[in-house]
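There are 2 protein chains.
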Amino acid sequence: MYAQPGAALRPNPLTKENLIMTSTPDPGALDTLCINTIRALAMDAVEKANSGHPGAPMGLAPAGYVLFTRLMKHHPQKPDWLDRDRFVLSGGHASALLYSLLHLTGYPLCLDDLKAFRQWGSLTPGHPEHGHTPGVETTTGPLGQGFANAVGLAMAERHLAARFNQPGFAIVDHFTYVMCGDGDLMEGVAAEAASLAGHLKLGRLICLYDDNGISIEGATAITFTEDVAKRFAAYGWQVIRVAEGNDPELIFKAVKKAKADRNRPSLVIVKTQIAHGSPNKQGSHEAHGAPLGKQEVCLTKECLGLPADEFCIPQAVFDHCRGCVERGRKAEARWLRQFKAYTKAHPQLADDFVSAMSAFLPKGWDENLPVFTPDQPAVATRVASGKTLQVLARRLPTLMGGSADLAPSNNTFIKDVAEFQAGSYGGRNIRFGVREHAMGAILNGMILHNGIRPYGGTFLVFADYMRPAIRLAALMKLPVIYVFTHDSVAVGEDGPTHQPVEHVASLRAIPNLTVIRPADANETVAAWRTAIKATSGPVALILSRQNLPVLEPGPTCNLAQGAYVVADAKGQPDLILMASGSEVSLAMAAGKRLEQEGVGVRVVSMPSWELFEAAAADYRRQVLPPAVTARVAIEAGIAMGWKQYVGERGAVLGIDRFGASAPGPVVMEKLGFTVDALVDLARKVMKK
Amino acid sequence: MYAQPGAALRPNPLTKENLIMTSTPDPGALDTLCINTIRALAMDAVEKANSGHPGAPMGLAPAGYVLFTRLMKHHPQKPDWLDRDRFVLSGGHASALLYSLLHLTGYPLCLDDLKAFRQWGSLTPGHPEHGHTPGVETTTGPLGQGFANAVGLAMAERHLAARFNQPGFAIVDHFTYVMCGDGDLMEGVAAEAASLAGHLKLGRLICLYDDNGISIEGATAITFTEDVAKRFAAYGWQVIRVAEGNDPELIFKAVKKAKADRNRPSLVIVKTQIAHGSPNKQGSHEAHGAPLGKQEVCLTKECLGLPADEFCIPQAVFDHCRGCVERGRKAEARWLRQFKAYTKAHPQLADDFVSAMSAFLPKGWDENLPVFTPDQPAVATRVASGKTLQVLARRLPTLMGGSADLAPSNNTFIKDVAEFQAGSYGGRNIRFGVREHAMGAILNGMILHNGIRPYGGTFLVFADYMRPAIRLAALMKLPVIYVFTHDSVAVGEDGPTHQPVEHVASLRAIPNLTVIRPADANETVAAWRTAIKATSGPVALILSRQNLPVLEPGPTCNLAQGAYVVADAKGQPDLILMASGSEVSLAMAAGKRLEQEGVGVRVVSMPSWELFEAAAADYRRQVLPPAVTARVAIEAGIAMGWKQYVGERGAVLGIDRFGASAPGPVVMEKLGFTVDALVDLARKVMKK
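Chains as they are written, first to last, in this note's numbering: chain A, 1 to 688; chain B, 689 to 1376.
Spelled out as structure tokens, the structure:
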């Protein structure tokens, strides 16, 4: 019911444990032993890989231990249980901490996995990878992203709680924890997300800040001397300090306090020491990103009162930590009982809940989408997109999103639907503010939660601001939808800072990302259909600001194949004109002119390279017959990559410079996007 | 002496003014008249263009007026006078305000220019463009960038003051003003830069925050409710409030107070009203990005007590504002007198000052750069870069920079040179912190100041974080140098989040940016030489983490031409292997194997497409003879774009997926970067 496409569950074979017997320590001593065991596992993993980051895991071991064993609601044997608390390790370089915790608390990650840390094909890559390792909620490493993902996760929780919870039934009722370091909090994306989280009063978001005063270049004093507590208070967060990050009781109490405030997200500032326990490296930036060294590891274990053996776990630690399995089982059982009763009391809601969590597309979801006819006035694809969104949003209650303060331009607002705000988490229109980067990372967090199909809009040129988040969506194969409007120099008067030139190409460069630049209103509808159906990666819709004529093929356009013939010669064509987006109309006009001159012209609309590459080879040869070598591609952007479609003889009409401020049609004309110029170029190619 | 490559000065012909006589108002009334005239000019410009943003200029007119006429040290007839105060309009959409101020205060921007607002070829593009319009310090529009540029400008001022000022001689002694809006302050890049500015105690940086409570989607209350004042106080800024942004006296006093604190940057929060004066649109987001409409403009002028004529300026306003010309002349004259005395007292320093400001490369600057020989052990290009940097930094006192907290990995630290810190602005090692985006924008600000040649480093994969700033450097043609290390999946254990795949291609996509990926240590030296010589755009050095053998051609490599033959067959080759960076060694090894099989192989090192495209056509044909069609390109990144060099018959060995966590050599092997695989591919191509 709520299975994710992530890693399959594997048993966690106890037989391979390297357990040692110890006398039963008293509770305080047991905590210490557990924490030091986590430190030892992290050191050993890094040492064996001869690569990695021991410092942060050692400093954060107490916080991680308290969270996983005493505070978090989770079910290690069902890492995808829906109502689990979410845990994000934003400083992904501390992965050895997470893997140690996952192993100890009973997730399907065995000791051999820890031993294979950072090796090809192992479940324990250098930075945590979602969909690869059970229990990893999101892929982290690029700093600040995990923090912002957590904001998205917490937003999703609140929205689903508002949508589904009923009196007596708290079906969605969990917390989002994120651990981050100085690096995360220096990043702008985290600042943007923190501001929004405070505005939205995400009381169930709790950030543990690893305040160790160290970054790679040295003490944070060399560059990061702001008052972080005050800054977060300014964002509207509750700020709680833990003066001694090595004391699990203090951490426990602080998080309890954090949980109690349901109106403010909480920043728990945990004063820690990097590589705590290492006599010669604790507190030093040298312990950040390199193994401690065999000798220092031994020395550290000695200081911590642990045996020198590698990867060994005291039996008492093992037993204690594995207690999470049973507690998790019980927690889920409680939830399942509740959900069963909910199903009886609110059958329709329960159904909807299951649908949402499974990302089912309801029957008929794409019926009666808008249809445009060539006799209608020209319409901008951003406008067609907005119209399509209205219809889809009525059918798909999981569809929610917004824009980075450009909703009226991106046409991303769902009419007659409330805003997602502190007072109305059930709303589906998100006001991201001028925070493109946080928007990108929050979309990732929302979709990672399950239950929501998020989209986000901005001008295409500002896709650059959110590029690191787009990359992570692609890496995690998350079907987030981007609505990028104002897609070329035809934007006009706003000038080169607002005119994309290299953006379509540079988005095509990202693996797993499907880029679709529809040529007209009907292709836009088809693009949305394709985007909604996507399951294994993000989709970027590239839309025009300016009006575009509705093309002949109309609603039967074959966008899903990435490219198709929109106008054709009788018999074998002499020339193929291929284009994407607004330039398809230009190609059509040039084609007509050339036909009048007796040239047999095929015009191919090519909205998506990725979809075309995924189409059958036969189909591709049909659309672009190898025998027809006179080819011209037209796109109002850099020519990069088109050569593969036009071949040796062909030419590309592109823009290999920045744009300029002037009315859109003037810019297009000045940069050579006219029927005359295209016809001339086509003639030249044909003469070759 | 300090001429910039910007726009040539043009006379500001008074004859075209549309001046109207008015009775001489008293000083207070004159201020109001001036301010309202600015509003009217902005409204008229937007109205005539039928496009643009009237709201912000109207709200900010009082602040702009006070700054330009009473507070700023500037010389409208010499916009490039070195010791002028710098003014950055971070919210570039308010360009009509800036253009109105530039015109009124006597910059070479005439009324016809205002009338040509947002038209092709005019000096008044939609967003301010540096190098295009005199008086525009930086290109703005993408929000947050200008704010961070201003931090760079202020850093440059402090550095140059520390380097050149002497007792009794304050040769460098100016302020940096930046105007920004809610959008700027929502952006993460501004947050990063503000944190660093506070840390660096940039007392001469003054930000006027247009607190109008409006963004495009509506009231800022819908998404931006943080306590901005408190946040900036947390960064270590002085925060000053102006309760009535329409009162020039209050603004004047606030900025005076800001200037008085030399230890903290200041945020002056000016409570304004968008479109102030417009009876039906003031205070509404509708006034943000669209003309007010003819009728509303008339009504507004009436309310403001102005004549209805378009682009008309009361004589008293004109005379008063043009007073800036004479004051500017005098200010510069004072400075010139002082500089003359300085030249006598400190001739060497004066010489150095002139050199620095003119970006002269001192004689012999590139002598005795490191030389590597093939018998030396393999060396990572990032290491060779660090060694080159040490030598260059000794010769080029203007060279300064740092890394976004990766200096030990990027090898960007200049040894035996101080850090640039609050206590030691003369230092040249900047600690940017984990703030890639701010770093990018700050580098732009520093080079815009003149007198500094800045560089910045991070991992190549995190170039994504600073992409919007890189784009602006390219757009402004600023020769910033980027040191991007860890350039491929060979990064290894850190895994896909840290392994660039699409980054080289997506940087190549940016117009005006030169991307250089050297193959070995000697090419790295040559790449630095090319980068230092660059004058018309940024240069990205793409460097390996892993060691690479030193190639045969050695120090005579022809990197400056972008590509050259590193190993050749006797006579016409049967096959060309071309590669960049670390893959050149692989191509060499495969070439040797194929030679043994009797194939005549040419190996071409191709470190830079942009340089190769700029080389003479003859040279290019010499390196890649059209007759040799059996070609294979090898690059550990996406194949995009290589087709143009390998042609129809050729093939590309690239990586069209994300990487994986494992030791670097394992990843390379698993992804097919082996001599065997390359030889196989070459054989296939030859059989075609």
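In this text, a Cβ means the ideal position worked out from N, Cα and C, and glycines have one as well.
Practice task
Tell me whether Lys959/B sits in a helix, a strand or coil according to DSSP, three-state version.
Solution key: strand
Handout entry: Within chain A, partners of Lys1093/B - CB distance below 8 angstroms
Key = For the record, residue 1093/B in the displayed sequence is Asp; it is not Lys. By Cβ distance, chain A contributes Gly183, Met186, Ser215, Ile216, Glu217, Thr223.
Handout entry: Span of the beta strand (DSSP E) around Val494/A
Key = Contrary to the premise, residue 494/A reads as Asp rather than Val in this sequence. Taken as a continuous stretch (DSSP letters only), Asp494/A belongs to no beta strand (DSSP E), as it is neither H nor E.
Practice task
Measure from the alpha carbon of Gln644/A to the alpha carbon of each residue in Arg545/A, Ala636/A, Thr629/A, then state which is nearest.
Solution key: Comparing Cα positions, the closest option is Thr629/A.
Practice task
Quickly, what does DSSP pair Leu1229/B with across the bridge? List them, please.
Solution key: Note: Leu1229/B sits in a beta bridge opposite Val1171/B, Ile1204/B.
Practice task
Please check if any C-beta of chain A sits within less than 7 angstroms of the C-beta of His1034/B.
Solution key: no
Problem - Pair within 7 angstroms by beta-carbon distance, Val88/A and Ala154/A - result: No, these two residues do not count as a Cβ contact at 7 angstroms.
Problem - Within 7 angstroms, strictly: CB atoms of His818/B and Thr497/A - result: no
Practice task
Have a look at Ala1350/B and Pro79/A and give me their C-alpha separation to the nearest angstrom.
Solution key: C-alpha separation (whole angstroms): 25 angstroms.
Exercise for the section: On the DSSP bridge assignment, give the partners of Tyr795/B in chain order. Expected result: None; Tyr795/B has no bridge partner.
Practice task
Please work out which residues of its chain come closer than 6 angstroms, Cβ to Cβ, to Thr530/A, disregarding the five sequence neighbours upstream and downstream, and give them in chain order.
Solution key: Ala560
Handout entry: Rounded Cβ spacing between Gly1089/B and Thr1100/B (contact assumed at less than 8 angstroms)
Key = 6 angstroms
Problem - Contact between the stretch 1244-1263 of chain B and the stretch 1274-1286 of chain B (3+ Cβ pairs under 8 angstroms) - result: yes
Problem - Continuous beta strand (DSSP E) stretch holding Gln926/B: start and end - result: 926-930
Problem - Ser1296/B and Gly1250/B closer than 7 angstroms at C-beta - result: yes
Practice task
State yes or no: is the beta carbon of Met1328/B nearer than 7 angstroms to at least one beta carbon in chain A?
Solution key: yes
Practice task
Please indicate yes or no: does the CB of Val943/B lie closer than 6 angstroms to some heavy atom of the ligand ADP?
Solution key: The ligand ADP is absent from the structure shown, which contains no ligands of any kind.
Handout entry: Neighbour list for Thr1407/B in chain A, Cβ cutoff strictly below 7 angstroms
Key = There is simply no residue 1407/B to check, as chain B begins at 689 and stops at 1376 in what is shown.
Practice task
Using three-state DSSP, classify Ser488/A as helix, strand or coil.
Solution key: coil
Practice task
Could you say if the stretch 511-522 of chain A and the stretch 543-551 of chain A meet the contact criterion of at least three C-beta pairs nearer than 8 angstroms?
Solution key: For the pair of segments examined, the stretch 511-522 of chain A was found to touch the stretch 543-551 of chain A: the number of CB pairs separated by less than 8 angstroms reaches three.
Practice task
Note down, in chain order, all residues in the stretch 452-477 of chain A with a beta-carbon under 7 angstroms from any beta-carbon belonging to chain B.
Solution key: If you check each beta-carbon in the stretch 452-477 of chain A against every beta-carbon of chain B, the ones closer than 7 angstroms belong to Phe462, Asp464, Tyr465, Arg467, Pro468, Arg471, Leu475.
Handout entry: As assigned by DSSP and simplified to three states, the class of Asn444/A
Key = helix
Problem - As assigned by DSSP and simplified to three states, the class of Val1373/B - result: DSSP places Val1373/B in helix when its eight states are reduced to three.
Problem - Boundaries of the alpha helix (DSSP H) in which Ala234/A is found, first to last residue - result: 228-234
Problem - Where Asn280/A sits in the DSSP three-state scheme - result: coil
Problem - Completely contained alpha helix (DSSP H) runs for the stretch 287-362 of chain A, where each covers 4 or more residues - result: 294-303, 315-345, 347-358
Handout entry: Assigned exposure category for Lys889/B - 16 Cβ within 10 Å defines buried
Key = buried
Practice task
Within 10 angstroms of the Cβ of Ser371/A, are there 16 or more other Cβ atoms? Answer buried if so, exposed if not.
Solution key: According to the sequence shown, residue 371/A is Val rather than Ser. Val371/A is exposed by the Cβ-count criterion.
Practice task
Name the residue from Pro54/A, Asn429/A, Leu448/A whose alpha carbon lies nearest to the alpha carbon of Gly135/A.
Solution key: Leu448/A
Practice task
Could you give the DSSP three-state label for Ala29/A: helix, strand or coil?
Solution key: helix
Practice task
Can you grab the Cα-Cα spacing for the pair Leu1057/B / Thr1069/B, in whole Å?
Solution key: Distance between Leu1057/B and Thr1069/B, taken at the CA atoms: about 15 angstroms.
Problem - Test item: CB-CB of Val1013/B and Gln765/B under 7 angstroms - result: Here Val1013/B is near Gln765/B, since their CB atoms are less than 7 angstroms apart.
Exercise for the section: Kindly indicate if chain A contains any beta-carbon less than 7 angstroms away from that of Gln692/B. Expected result: Its pLDDT being 37, under 50, Gln692/B is placed unreliably by the model, and the measurement read from it follows with that caveat. So, not an interface residue.
Exercise for the section: Tell me Glu419/A's beta-bridge partners as DSSP assigns them. Expected result: Asn429/A
Handout entry: Residue environment, Asp1063/B, which counts as buried when at least 16 other CB atoms sit within 10 Å
Key = exposed
Handout entry: Buried or exposed (CB count within 10 angstroms, at least 16 for buried), Ala695/B
Key = Reliability of the predicted coordinates at Ala695/B is poor, the pLDDT of 38 falling under 50, and the value obtained from them is presented with this limitation in mind. The residue is buried, with at least 16 neighbouring Cβ atoms inside 10 Å.
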